[in-house]
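**Q** Could you have a look at this structure, given as structure tokens, before my questions?
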Amino acid sequence: MLRRINGTALIIAALVATVGALAFPVWSYADRSGTGEANLAASSVATQWGPLSATDRDFLVKVRLAGLWELPAGQQAIERAPSQAIKDAGDHLVVGHTDLDVRARDVAAKLGVALPNQPNELQQGWLRELSAATGAEYDRKFANLLRNAHGKVFALVAEVRHTTRNTLIRQLATDANQTVLDHITMLEATGLVDFDEIAREAAGTKTASPTGPPPPNGSLPPSPPAAAPTGDSSFTSRPSTQPGAPTAVNTNRPAPPSVEASP
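Start counting the sequence shown at -8; every next residue gets the next number (the numbering used here).
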């Protein structure tokens, strides 16, 4: 009888140990301290408009900082830039960031986020660099400093718009997306943006090799033969040599993207 009791006790103890071993991974998974999801929860605060994450708060600060240096840069360009294209870009910066700054400060006040009141040291350095430049050098520096800065904040706007759970932040990101894209378009329209330098700088911050199809073997495939014209035979793709005659328009060319200007 005693042996039977001892055997039963051993079986029960083994079952308890087995259940405990199976349950431990579940308990430990629920306590995933140090994971991305745990860090997101730890850094977020509840608001009536949804959780406000650390990335959301960083976005608010960066929108404010952008206005603090790009507004005076735009005003300076209107007054000092030798080319009309730079003056026009500066005007878009002033209009866009004036409106966006008002919206950012309103959202920050509702969410209780403290915002800076002056540009950071790097931005102050850019303003000094612009102030020291003149003529064509000023135009070139303005186009490239502002285009590079807008390109970097554009990536943050996209991330926040995609991931935020806060409705106020989501709407601000939507507004910022339209404003930043408008400014990028105006800066690129100056024809002074050094895209090679932007690509080199971006490549210097990446370590992983990009994926995708292999590069071509050095030669492009032959172009297909031009399609025979249809419709009115008097319409050709060759420009007329007669003075004042209209040139043909390629109706197959895709329309340029529509950019909504900032209010």
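All C-beta atoms, glycine included, are put in the ideal place defined by N, C-alpha and C. Just so you know, these numbers come straight off a predicted model, no measurement behind them.
Using a Cβ-Cβ cut-off of 7 Å (strictly less than) and excluding sequence neighbours within five positions of residue 189, which residues of its own chain qualify?
**A** Residue numbering aside, residue 189 sits at position 198 when the sequence shown is read from its first letter. Within the same chain, residue 189 has close Cβ partners 139, 142.
**Q** On the DSSP letters alone, give me the boundaries of the alpha helix (DSSP H) that residue 89 sits inside.
**A** Numbered from 1 along the sequence shown, position 98 holds the residue referred to as residue 89. Residue 89 -> alpha helix (DSSP H) spans 75 to 102.
**Q** Span of the alpha helix (DSSP H) holding residue 122?
**A** Within the sequence shown, residue 122 is the residue found at index 131, counting from 1. Here the alpha helix (DSSP H) through residue 122 covers 112 to 123.
**Q** Let me confirm a value: residue 12 is counted as buried when at least 16 other C-beta atoms fall within 10 Å, else exposed. Which label applies?
**A** Translated into positions along the sequence shown, residue 12 becomes position 21. Model confidence at residue 12 stands at a pLDDT of 45, short of 50, so the residue's coordinates are unreliable; what they give is reported in the following sentence. Exposed: under 16 other Cβ atoms inside 10 Å.
**Q** Pull up the CB-CB distance for residue 157 and residue 27, whole angstroms please, since I reckon it's below 8 Å.
**A** Reading the sequence shown from its first residue, position 166 is the one you call residue 157. Reading the sequence shown from its first residue, position 36 is the one you call residue 27. Not really, about 18 Å apart at Cβ, beyond 8 Å.
**Q** Along the alpha helix (DSSP H) that carries residue 154, what are the first and last residues, could you check?
**A** Here residue 154 refers to the residue found at position 163 of the sequence shown. It spans 126 to 154 - the alpha helix (DSSP H) in which residue 154 sits, taken as one unbroken run.
**Q** Looking only at its own chain, which residues have a Cβ that is under 6 Å from the Cβ of residue 180, when we skip the five neighbours before and after it?
**A** As a first step, residue 180 must be located in the sequence shown, where it is residue number 189. None.
**Q** Check each candidate in 116, 124, 150 and name the one with the smallest Cα separation from residue 60.
**A** In the sequence shown, residue 60 corresponds to position 69, counting from 1. Closest by alpha carbon: 116.
**Q** From residue 55 to residue 45, what distance separates their C-alpha atoms?
**A** The residue given as residue 55 occupies position 64 in the sequence shown. The residue given as residue 45 occupies position 54 in the sequence shown. Roughly 16 Å separates the two Cα atoms.
**Q** Look at the Cβ atom of residue 167, then the Cβ atom of residue 148, and state whether they are nearer than 7 Å.
**A** To locate residue 167, count along the sequence shown from 1; it is residue 176. To locate residue 148, count along the sequence shown from 1; it is residue 157. Taking 7 Å as the Cβ cut-off, residue 167 and residue 148 qualify as a contacting pair.
**Q** Buried or exposed for residue 53, please, with buried defined as at least 16 other CB atoms from any protein chain shown within 10 angstroms of its CB.
**A** For the purposes of this step, residue 53 is taken as residue 62 along the sequence shown, with counting starting at 1. Residue 53 should be labelled buried.
**Q** Within the continuous alpha helix (DSSP H) that includes residue 52, where are the two ends?
**A** Working through the sequence shown from its first residue, we reach residue 52 at position 61. Segment 45 to 71, the alpha helix (DSSP H) holding residue 52.
**Q** Are the Cβ atoms of residue 130 and residue 183 separated by less than 7 Å?
**A** Taking the sequence shown and counting its residues from 1, one reaches residue 130 at position 139. Taking the sequence shown and counting its residues from 1, one reaches residue 183 at position 192. Taking 7 Å as the Cβ cut-off, residue 130 and residue 183 qualify as a contacting pair.
**Q** Which residue's Cα is closest to the Cα of residue 88: 111, 197, 66, 161?
**A** Mapped onto the sequence shown, residue 88 falls at position 97. Nearest C-alpha to residue 88: 66.
**Q** Looking at the secondary structure, which residues open and close the alpha helix (DSSP H) in which residue 167 lies?
**A** Counting from 1 along the sequence shown, the entry for residue 167 is found at position 176. Start and end: 158 to 179.
**Q** If I'm right that residue 43 touches residue 98 with Cβ under 8 Å, what's the distance once you round it to whole angstroms?
**A** Here residue 43 refers to the residue found at position 52 of the sequence shown. Here residue 98 refers to the residue found at position 107 of the sequence shown. In fact, because the Cβ distance is near 10 Å, the residues do not count as touching under 8 Å.
**Q** Taking residue 68 and residue 80 to be in contact with their CB atoms under 8 Å, please state how far apart those CB atoms are, rounded to whole angstroms.
**A** Taking the first residue of the sequence shown as 1, we reach residue 68 at position 77. Taking the first residue of the sequence shown as 1, we reach residue 80 at position 89. Yes, residue 68 and residue 80 are in contact; Cβ-Cβ is about 7 Å, under 8 Å.
**Q** Taking Cβ positions, are residue 145 and residue 171 nearer each other than 7 Å?
**A** Translated into positions along the sequence shown, residue 145 becomes position 154. Translated into positions along the sequence shown, residue 171 becomes position 180. It is a contact, given that the beta carbons lie within the stated cut-off.
**Q** Where DSSP assigns a beta bridge to residue 184, which residues make up the other side?
**A** Walking along the sequence shown from the start, residue 184 turns up at place 193. Residue 184 pairs with nothing; no bridge assigned.
**Q** Who are the Cβ neighbours of residue 74 in its own chain at under 6 Å, not counting the five residues just before and after it?
**A** If you number the sequence shown from 1, residue 74 lands on position 83. Same-chain partners within the cutoff: 130.
**Q** For residue 157, verify whether its CB is less than 6 Å away from any heavy atom of the ligand MN.
**A** The ligand MN is absent from the structure shown, which contains no ligands of any kind.
**Q** Exposed or buried, which one is residue 114 when buried takes at least 16 other CB atoms within 10 Å?
**A** As a position in the sequence shown, residue 114 is number 123, starting the count at 1. Its Cβ being crowded by 16 or more others within 10 Å, residue 114 is buried.
**Q** Looking at residue 47: is its Cβ nearer than 7 Å to the Cβ of residue 155?
**A** Working through the sequence shown from its first residue, we reach residue 47 at position 56. Working through the sequence shown from its first residue, we reach residue 155 at position 164. A contact, by the Cβ cut-off of 7 Å.
**Q** My assumption, with CB atoms under 8 Å, is that residue 273 sits in contact with residue 118. Please give the rounded CB distance.
**A** Because the chain is modelled from -8 through 254, residue 273 falls outside the range shown and cannot be assessed.
**Q** Whole angstroms is fine: what's the gap from residue 137's alpha carbon to residue 38's?
**A** Within the sequence shown, residue 137 is the residue found at index 146, counting from 1. Within the sequence shown, residue 38 is the residue found at index 47, counting from 1. Taking the straight line joining both Cα atoms gives about 34 Å.
**Q** What residue range is occupied by the uninterrupted alpha helix (DSSP H) comprising residue 108?
**A** Working through the sequence shown from its first residue, we reach residue 108 at position 117. No alpha helix (DSSP H) contains residue 108, which DSSP labels as neither H nor E.
**Q** Considering just the uninterrupted stretch of the alpha helix (DSSP H) at residue 203, what are its terminal residues?
**A** Against the sequence shown, residue 203 aligns to sequence position 212. Per DSSP, residue 203 belongs to no alpha helix (DSSP H) and is neither H nor E.
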